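Just below is one structure, and these are the notes that go with it.
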Amino acid sequence: ETGVTQSPTHLIKTRGQQVTLRCSSQSGHNTVSWYQQALGQGPQFIFQYYREEENGRGNFPPRFSGLQFPNYSSELNVNALELDDSALYLCASSLSYYNEQFFGPGTRLTVL
Amino acid sequence: TQLLEQSPQFLSIQEGENLTVYCNSSSVFSSLQWYRQEPGEGPVLLVTVVTGGEVKKLKRLTFQFGDARKDSSLHITAAQPGDTGLYLCAGGLGGTSYGKLTFGQGTILTVHP
Chain A
1 ETGVTQSPTH LIKTRGQQVT LRCSSQSGHN TVSWYQQALG QGPQFIFQYY
51 REEENGRGNF PPRFSGLQFP NYSSELNVNA LELDDSALYL CASSLSYYNE
101 QFFGPGTRLT VL
Chain B
113 TQLLEQSPQF LSIQEGENLT VYCNSSSVFS SLQWYRQEPG EGPVLLVTVV
163 TGGEVKKLKR LTFQFGDARK DSSLHITAAQ PGDTGLYLCA GGLGGTSYGK
213 LTFGQGTILT VHP
């Protein structure tokens, strides 16, 4: 059974650019949650997708947006990148929104 | 806004010592989870506690959920170098907020041989 995978592993962007991060959920999982983990901090909840619909959002501005596809993989899009967006972005999938979350290895985003 | 405060932030001990990490909040959580994260990897779930006063043991690790479901602790007995890592507590709310975890800032544990 393949676990949660994320791409790319690392990414360097400049301020003002846009970025798309991708997540493939574990087989059979219909829920994907995205978290931002700044250096030295715990992960912060960005939003969750359940069966292709947004199912809750944390305190992140609208320039953070997402999408979940029919195969339950997901994308996180960030527009107008700011220096503070530099972080490890974690994706977690679960059987459903109330089940245990399995985390991917993350995408390290650096904004210069 | 629910907040979880972990202490200590850093812990550096010798192999064989015991340690306790605390996770405190002013909010009530329906569940409390403990994760361990290695560099370059995502957090891995160690345990979930859901009942006030619940105690769970995982080999040398003992997890406790406070009676009021606002706090939790992780106790490691006879720490080993393999226990080195970032330990995170995360609180979950019920209902439609289930799965939207609130994490503490983490405790970096280093166990020296």
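From first to last, the protein sequence lines are chains A and B.
1 is the number of the first residue of the first sequence in my numbering; add one for each residue after it.
113 is the number of the first residue of the second sequence in my numbering; add one for each residue after it.
From the three backbone atoms N, C-alpha and C, an ideal C-beta is built for every residue, glycine too.
Everything numeric in this text was worked out from a predicted model, so none of it was measured.
Practice task
Please report the residue range of the beta strand (DSSP E) in which Phe69 of chain A lies.
Solution key: Here residue 69 of chain A refers to the residue found at position 69 of the first sequence. Phe69 of chain A -> no beta strand (DSSP E), and no H or E assigned at all.
Problem - Nearest to Val4 of chain A (by Cα), restricted to the options A:Arg108, A:Ser73, A:Ala80, A:Thr110 - result: Looking up residue 4 of chain A in the first sequence gives position 4. Of A:Arg108, A:Ser73, A:Ala80, A:Thr110, the residue nearest in Cα terms is A:Ser73.
Practice task
Going by DSSP, name the residue or residues bridged to Gly194 of chain B.
Solution key: Taking the first residue of the second sequence as 1, we reach residue 194 of chain B at position 82. Beta-bridge partners of Gly194 of chain B (DSSP): none assigned.
Exercise for the section: Leaving out five residues on either side along the sequence, give the residues of the same chain with a beta carbon under 8 Å from the beta carbon of Leu11 of chain A. Expected result: Start at 1 with the first residue of the first sequence, and residue 11 of chain A comes out as number 11. Around Leu11 of chain A: Val19, Leu21, Thr107, Arg108, Leu109, Thr110.
Problem - Length of the line joining the Cα atoms of Ser142 of chain B and Phe177 of chain B - result: Within the second sequence, the letter at position 30 stands for residue 142 of chain B. Within the second sequence, the letter at position 65 stands for residue 177 of chain B. Rounded to whole angstroms, Ser142 of chain B to Phe177 of chain B spans 11 Å at the Cα level.
Exercise for the section: Report all residues from its chain with a CB closer than 6 Å to the CB of Tyr50 of chain A; omit the five preceding and five following residues, and keep chain order. Expected result: Translated into the one-based positions of the first sequence, residue 50 of chain A becomes position 50. Correct list, in chain order: Thr31, Tyr97.
Handout entry: Among A:Gly104, A:Asn77, A:Glu53, the one whose alpha carbon lies nearest that of Pro62 of chain A
Key = Counting from one through the first sequence, the residue named residue 62 of chain A turns up at place 62. If we check each option's Cα against that of Pro62 of chain A, A:Asn77 comes out closest.
Handout entry: Three-way DSSP call (helix, strand, coil) for Leu205 of chain B in this model
Key = Within the second sequence, numbered from 1, the residue matching residue 205 of chain B stands at position 93. In this structure, Leu205 of chain B counts as coil in the three-state DSSP scheme.
Exercise for the section: Check whether the Cβ of Gln36 of chain A lies closer than 7 Å to any Cβ atom in chain B. Expected result: Position 36 of the first sequence, counted from the first residue, corresponds to residue 36 of chain A. So no, Gln36 of chain A is outside the interface.
Practice task
With 7 Å as the threshold, decide whether the Cβ of Gly106 of chain A is near any Cβ in chain B.
Solution key: Translated into positions along the first sequence, residue 106 of chain A becomes position 106. Output row for Gly106 of chain A: interface = yes.
Practice task
With DSSP as the reference, label Leu39 of chain A as helix, strand or coil.
Solution key: In the first sequence, the residue the question calls residue 39 of chain A occupies position 39. In this structure, Leu39 of chain A counts as coil in the three-state DSSP scheme.
Exercise for the section: Tell me, to the nearest whole angstrom, how far the beta carbon of Glu54 of chain A is from that of Phe47 of chain A; I am working on the premise that it is less than 8 Å. Expected result: Counting from 1 along the first sequence, the entry for residue 54 of chain A is found at position 54. Counting from 1 along the first sequence, the entry for residue 47 of chain A is found at position 47. Cβ atoms of Glu54 of chain A and Phe47 of chain A come within 8 Å of each other, at about 6 Å.
Exercise for the section: Grab the span of the beta strand (DSSP E) containing Arg22 of chain A for me, first residue to last. Expected result: Counting from one through the first sequence, the residue named residue 22 of chain A turns up at place 22. Note, Arg22 of chain A: beta strand (DSSP E), 19-24.
Exercise for the section: Counting only the same chain and skipping the five closest in sequence on each side, list residues whose C-beta sits under 6 Å from that of Val167 of chain B. Expected result: Locating residue 167 of chain B in the second sequence gives position 55, counting from the first residue. Taken in chain order, the residues that qualify are Gln176.
Practice task
Name, going along the chain, the residues of the region 93-105 of chain A whose beta-carbon falls closer than 7 Å to a beta-carbon of chain B.
Solution key: Contact annotation: in the region 93-105 of chain A, residues whose CB is within less than 7 Å of a CB in chain B are Ser94, Tyr97, Tyr98, Glu100, Gln101, Phe103, Gly104, Pro105.
Exercise for the section: Answer with yes or no whether the minimum CB distance from Gln217 of chain B to chain A is below 7 Å. Expected result: The residue labelled residue 217 of chain B in the question sits at position 105 within the second sequence. Output row for Gln217 of chain B: interface = yes.
Practice task
Tell me, please, whether the region 82-95 of chain A touches the region 192-208 of chain B by the rule of three or more beta-carbon pairs shorter than 8 Å.
Solution key: Contact between the region 82-95 of chain A and the region 192-208 of chain B is absent, with fewer than three C-beta pairs closer than 8 Å.
Exercise for the section: List the residues that DSSP assigns as beta-bridge partners of Thr160 of chain B. Expected result: Here residue 160 of chain B corresponds to residue number 48 of the second sequence, with the count starting at 1. Thr160 of chain B pairs with B:Gln145.
Practice task
From the DSSP output, read off the bridge partner residues of Tyr89 of chain A.
Solution key: Stepping through the first sequence from its first residue, residue 89 of chain A is reached at position 89. For Tyr89 of chain A, which the question treats as bridged, DSSP gives the partners A:Gln36, A:Thr107.
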